[in-house]
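So the structure is just underneath, and the comments pick up after that.
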Amino acid sequence: MSKELIRRRLSLAGAALDIGLDCPALAARVDRLYGPYLRAVGLPNAGTATAHPDLWVERAGVADDGRVPAPHDDDRVYRLLEPAASPSHRDRRIVGSVRTLAEIRERAQFRLIDAQHHSALLHGAAIARGGVAVLFPARSGAGKTTLSAWFASQGEAVLTDELIALHPDGRVEGFAQALNIKCHGMPVVSQFPGLADALDGAPGAGLGGRFLPLPPSSVDTPLAPGLLVFPQYRPGAGLTVTPVSAGEALATLLESLMNARHLPRRGLGIAGALVRAVPAARIEYDDLGALNAWLGERLACLRPTA
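Residue numbering for the sequence shown follows numbering that gives the first Met the number 0, starting at 0 and increasing by one per position.
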């Protein structure tokens with residue numbers, strides 16, 4: 000392994016992952032991908048158990064397949080090493096910085112989930128508003144990334160569009176990596192205020208998509224949860240809101256739990272405490288303004304009066 004690695008540490012809810020890169024240009028993209036969740040770390044003492052990063056990338060030449068790199072990409076071959084992974088993922092060669100960045104993102108997220116034995120990790124989006132967290136647990140395809148991009152364009156504090164950490168004490172935090180805007184979502188997101196230029200300059204995510212960095216947030220986390228919303232984008236829906244019982248909310252929430260096998264009672268206690276503590280609703284929408292207005296009204300009802 001090269002001694003000139005640029006080293007970074009990624010952390011979420013007490014779990015940490017060390018990343019090493021020998022390419023400054025790729026390291027700069029990784030910095031944009033993770034923003035405040037990434038910090039530079041110095042080289043460890045030689046011979047210690049931490050001498051090697053958990054995940055590292057080395058340049059391994061140039062592709063000779065004659066392909067022309069896509070915009071935001073290059074024709075380099077990168078070697079991705081991950082000693083603790085299964086044999087198929089320990090040592091791989093990937094062509095292009097775009098695919099390599101996507102693989103770093105996927106493997107880093109997998110490792111942080113696999114390392115988490117304390118807090119429940121939910122697949123979903125979250126924003127901070129009025130001093131509380133609004134959680135949007137959802138399956139892939141529900142529109143949570145587009146929803147997160149719209150909230151960001153409105154100046155909202157987006158905590159995550161992908162991974163929510165629910166701590167045993169009931170507080171939550173989000174993993175604020177860059178939003179993965181897929182090709183089919185680009186025309187929609189580019190219409191949101193201020194995001195067209197941001198998308199043009201964002202790192203490529205493959206297949207015509209972009210990794211859109213989230214703006215810096217001044218919100219201190221973890222936060223207390225205030226509202227649980229199960230979203231589903233549906234053309235022509237306008238806004239339909241259906242209150243959800245605690246039992247139904249728990250069943251739906253458990254479908255979004257990503258590290259259940261590592262938690263006591265498979266996370267049932269942590270998830271159960273959440274659905275008992277906050278109201279829940281299921282929404283179908285295609286009108287973001289109406290959704291935002293409903294959200295403001297619902298949160299206002301939860302605030303204590305003087």
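For glycine and all other residues, C-beta sits at the position ideal for the given N, C-alpha and C.
Whole-number beta carbon distance between residue j and residue i, since they are thought to touch under 8 Å
i	j	result
V56	L20	5 Å
L238	L290	6 Å
S96	L9	Contact doesn't hold; Cβ gap of about 18 Å is too wide.
T159	G169	About 18 Å separates the two Cβ atoms, so there is no contact after all.
Backbone CA spacing between residue i and residue j [nearest angstrom]
i	j	result
G130	G60	50 Å
G34	A175	8 Å
P136	V277	14 Å
V218	A127	7 Å
D285	D64	44 Å
L54	C22	14 Å
L79	P215	29 Å
A84	A292	45 Å
R58	V40	21 Å
C300	P263	34 Å
P86	R265	27 Å
A270	D74	46 Å
A101	L252	27 Å
G235	A204	29 Å
T145	G288	13 Å
K143	R66	34 Å
G268	S255	15 Å
F109	V157	21 Å
A259	A119	7 Å
A197	A114	33 Å
T99	A27	13 Å
V188	M257	27 Å
L4	A62	22 Å
V29	V240	38 Å
CB contact flag (residue i, residue j, <8 Å)
i	j	result
L165	V171	yes
L121	L227	no
H71	P202	yes
P52	R6	yes
A177	R31	yes
P167	H117	yes
V274	L249	yes
A148	L194	yes
E81	R104	no
Where residue i falls, given that 16 or more other Cβ within 10 Å makes a residue buried
i	result
G13	exposed
R138	exposed
G295	exposed
Q141	In the sequence as presented, Gln is not what sits at residue 141; that position holds Ala. So A141 counts as buried.
D199	exposed
Q190	exposed
A132	buried
L11	buried
Check whether the region 244 to 257 touches the region 151 to 160, counting contact only when three or more Cβ pairs, one atom from each stretch, lie closer than 8 Å.
-> With the rule of 3 Cβ pairs closer than 8 Å, the region 244 to 257 does not count as touching the region 151 to 160.
Touch test, the region 172 to 188 against the region 197 to 216, Cβ-Cβ under 8 Å, three pairs minimum | Of all C-beta pairs linking the region 172 to 188 to the region 197 to 216, three or more are shorter than 8 Å, placing the two stretches in contact.
Determine, using beta-carbon pairs with one atom in the region 228 to 235 and one in the region 275 to 285, whether at least three such pairs fall under 8 Å.
-> yes
Segment contact, 8 Å Cβ cut-off, at least three pairs: the region 84 to 99 with the region 214 to 226 = Taking 8 Å as the limit for Cβ pairs, the verdict is that the region 214 to 226 does not touch the region 84 to 99.
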